[in-house]
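J.: Before I ask anything, let me first share the structure, which is written out below as structure tokens.
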Amino acid sequence: MSFILTAEGVVKQFGAFRALDGVDIAVERGKVTLIIGPNGSGKTTFVNVVTGVYKPEAGRVLFYKDGRAVDITGWPPHKVFEAGIVRTFQIPQIFLKLTVLENLLVVARGQRGEGVLPALTRNWVKQEEELAKRAFKILKAVRLEDKWDSPAYLLSAGELKLLELARALMAGAELIILDEPIAGVPIDQAHEVFKTVKEINQTGTTFLVIEHRIDIAFKYVDYVYAMASGRVISKGTPEQVANDPKVKEVYIGG
Ligand code: ADP
1001 MSFILTAEGV VKQFGAFRAL DGVDIAVERG KVTLIIGPNG SGKTTFVNVV
1051 TGVYKPEAGR VLFYKDGRAV DITGWPPHKV FEAGIVRTFQ IPQIFLKLTV
1101 LENLLVVARG QRGEGVLPAL TRNWVKQEEE LAKRAFKILK AVRLEDKWDS
1151 PAYLLSAGEL KLLELARALM AGAELIILDE PIAGVPIDQA HEVFKTVKEI
1201 NQTGTTFLVI EHRIDIAFKY VDYVYAMASG RVISKGTPEQ VANDPKVKEV
1251 YIGG
């Protein structure tokens, strides 16, 4: 088994309160891993530690890049992002007035930190062309190619989630972290979002997903971690976790 990210013994305290109490989570490369757990169980805090928003009091986070383990514990968010771990809302928000294509192009430009100067060079047009080509390939992958010229405000809730996904891909993500990707999305569109995640996953991008609607998410993910009170209480295939009495207890109160 090859991992893209491993977190070992992660502890995060807020004052005297331990939001994460020794968390071990490993994300397998090329798979979709899901973290579930009731509200307040530490899921977001865990993602915040991985993406550099919080420094843990103990434990470490390793990212496996180009065949070696890189200790990213405590790295600032922009460095984690540049390393290839992209959480969808790390990217500036979707600009509702811009078209779908423009929303992708701004991500790529922001990422390369370009100023005005390149616009004066002859390379610029060539670069723009390449970027647009890449953007179209990505839009095709998320099935938004027909909407490339629509302003983002015309998209449905599900399509906006797909656009967020496209933007993470455009940013060059190797590991995409999705925070409740189907929150507020109607059920048929929610399945579309997860189907697209799965398709993109099959072309090589790894996913770590936090999601509450496990009835939908469980159909599409490879591996599940269940958290409660800052700890991992169960892990395994969706079927194993769904049948774990410890998980049932937390969800239905035993
Ligand atoms: P989840 O994402 O599973 O709903 P969180 O990671 O958001 O859970 O929260 C875990 C616990 O940590 C909660 O009890 C929450 O109130 C607490 N917590 C999260 N962030 C902070 C913070 N910045 N300061 C104090 N307590 C926090």
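Mapped onto the numbering used here, the consecutive letters of the sequence shown carry residue numbers 1001 to 1254. Glycine included, C-beta positions come from ideal geometry on N, C-alpha and C. A quick note: this is a predicted structure, and the numbers were derived from the prediction, not measured.
1. Are the stretch 1208-1225 and the stretch 1236-1246 in contact at 8 Å, needing three or more beta carbon pairs?
2. For Val-1250 and Ala-1228, which I take to be in contact (beta-carbon distance under 8 Å), what is that distance rounded to the nearest angstrom?
3. Just checking Ala-1019 against ligand 1 - is the residue's beta carbon closer than 7 Å to any of the ligand's heavy atoms?
4. Scan the stretch 1152-1240 and note each continuous alpha helix (DSSP H) run of 4 residues or more that stays entirely inside, going in chain order.
5. Spatial neighbours of Thr-1073 within its chain, please: CB distance less than 6 Å, with the 5 preceding and 5 following residues excluded, ordered by chain position.
6. Please indicate yes or no: does the CB of Gly-1052 lie closer than 7 Å to some heavy atom of ligand 1?
7. Using 8 Å as the threshold, is the C-beta distance between Val-1032 and Asn-1201 below it?
8. Thinking C-beta only, is Gly-1230 closer than 8 Å to Gly-1009?
9. For Arg-1112, collect the residues of the same chain with a Cβ closer than 6 Å to its Cβ; drop the 5 residues on either side in sequence, then sort them by chain order.
10. Roughly how far, in whole angstroms, is the beta-carbon of Tyr-972 from the beta-carbon of Ile-1085, given that I think they are within contact range, below 8 Å?
11. Phe-1017: buried (16+ other C-beta within 10 angstroms of its C-beta) or exposed?
12. Return the CA-CA distance between Gly-1067 and Arg-1029, expressed in angstroms with no decimal places.
13. Spell out a yes or no on whether the stretch 1176-1188 and the stretch 1124-1136 are touching, meaning 3 or more CB-CB pairs, one atom from each, closer than 8 Å.
14. If you draw a straight line from the C-alpha of Val-1247 to the C-alpha of Phe-1014, how long is it?
15. Got a sec, what are the start and stop residues for the beta strand (DSSP E) Phe-1063 sits in?
16. Just confirm the distance between the C-beta atoms of Leu-1175 and Glu-1159, as a whole number of angstroms; I'd bet it's less than 8 Å.
17. Given that a residue counts as buried once 16 or more other Cβ atoms are within 10 Å of its Cβ, and exposed if not, what is Thr-1203?
18. Which of helix, strand or coil does DSSP assign to Phe-1095?
19. Have a look at His-1191, Ala-1083, Thr-1205 and flag the residue whose alpha-carbon is nearest the alpha-carbon of Lys-1219.
T.: According to the data block:
1. yes
2. Within the sequence shown, numbered from 1, the residue matching residue 1250 stands at position 250. Within the sequence shown, numbered from 1, the residue matching residue 1228 stands at position 228. 5 Å between Cβ atoms; contact.
3. Counted from its first residue, the sequence shown places residue 1019 at position 19. Yes.
4. 1157-1170, 1187-1202, 1214-1217
5. Along the sequence shown, read from residue 1 onward, the residue named residue 1073 stands at position 73. These residues qualify, in order along the chain: Arg-1060, Val-1061.
6. Counting from one through the sequence shown, the residue named residue 1052 turns up at place 52. No, the beta carbon of Gly-1052 sits no closer than 7 Å to any heavy atom of ligand 1.
7. Taking the sequence shown and counting its residues from 1, one reaches residue 1032 at position 32. Taking the sequence shown and counting its residues from 1, one reaches residue 1201 at position 201. The answer is yes: Cβ separation under 8 Å.
8. Start at 1 with the first residue of the sequence shown, and residue 1009 comes out as number 9. Start at 1 with the first residue of the sequence shown, and residue 1230 comes out as number 230. Against a cut-off of 8 Å, the Cβ pair of Gly-1230 and Gly-1009 comes out as no contact.
9. Translated into the one-based positions of the sequence shown, residue 1112 becomes position 112. Residue confidence for Arg-1112 is low, a pLDDT of 47 falling below 50, so the modelled location carries little weight and cannot support an answer.
10. Since the first and last residues shown for the chain are 1001 and 1254, residue 972 lies out of range.
11. To locate residue 1017, count along the sequence shown from 1; it is residue 17. So Phe-1017 ends up on the exposed side.
12. Locating residue 1067 in the sequence shown gives position 67, counting from the first residue. Locating residue 1029 in the sequence shown gives position 29, counting from the first residue. Distance between the alpha carbons of Gly-1067 and Arg-1029: 12 Å.
13. no
14. Numbered from its first residue, the sequence shown carries residue 1247 at position 247. Numbered from its first residue, the sequence shown carries residue 1014 at position 14. If you take the alpha carbons of Val-1247 and Phe-1014, they lie about 25 Å apart.
15. Position 63 of the sequence shown holds residue 1063. 1058-1065 is the span of the beta strand (DSSP E), which, as asked, contains Phe-1063.
16. As a first step, residue 1175 is located in the sequence shown; it is residue number 175 there, counting from the start. As a first step, residue 1159 is located in the sequence shown; it is residue number 159 there, counting from the start. Incorrect: roughly 23 Å between the Cβ atoms, too far for contact.
17. Numbered from its first residue, the sequence shown carries residue 1203 at position 203. Looking at its Cβ environment, which holds fewer than 16 other Cβ atoms inside 10 Å, Thr-1203 is exposed.
18. Translated into the one-based positions of the sequence shown, residue 1095 becomes position 95. The answer is coil: DSSP assigns Phe-1095 none of H, G, I, E or B.
19. For the purposes of this step, residue 1219 is taken as residue 219 along the sequence shown, with counting starting at 1. The candidate whose alpha carbon is nearest that of Lys-1219 is His-1191.
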